[in-house]
Amino acid sequence: MKARSNLEIIPGVGKSIAQNLHDINILSVSDLKGKSPEKLYDESNRFVGAVQDRCLECTLISGTILS
């Protein structure tokens with residue numbers, strides 16, 4: 011059984027969003043420290059090649075606050 015990502019402690023982050031964050035080299039909550047949620051959202055959009063729901067940006071804001 012795979013260990014739960016510590017990113018999943020962020021409200022709104024489940025396996026899918028945790029994987030999106032891993033894809034852009036955010037592997038833990040502490041990796042969010044000092045990061046811009048807007049830039050992370052843009053980077054994730056570039057990685058997947060599509061514009062994702064803006065709720066992702068709200069989730070990233072929560073994550074940067076927790077870090």
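Quick note: the sequence shown uses the numbering used here, first residue 11, plus one each step. All C-beta atoms in this analysis are idealised placements derived from N, C-alpha and C, irrespective of residue type, glycine included. In this text the structure is predicted, and so the values were computed from the model without any measurement.
List the endpoints of the continuous alpha helix (DSSP H) containing residue i.
{"i": "Gln29", "result": "Lys25 to Asp33"}
{"i": "Arg56", "result": "Pro47 to Val58"}
By how many angstroms is the C-alpha of residue j removed from the C-alpha of residue i?
{"i": "Phe57", "j": "Gly24", "result": "18 Å"}
{"i": "Asp33", "j": "Ile27", "result": "10 Å"}
{"i": "Lys49", "j": "Thr74", "result": "12 Å"}
{"i": "Ser72", "j": "Cys65", "result": "11 Å"}
{"i": "Ser54", "j": "Leu31", "result": "7 Å"}
{"i": "Leu76", "j": "Leu37", "result": "14 Å"}
Here's the rule: buried if 16 or more other CB atoms are within 10 angstroms of the residue's CB, otherwise exposed. What is residue i?
{"i": "Asn35", "result": "exposed"}
{"i": "Val39", "result": "buried"}
{"i": "Ile19", "result": "exposed"}
{"i": "Glu46", "result": "Reading off the sequence, residue 46 comes out as Ser, not Glu. Under this definition Ser46 is an exposed residue."}
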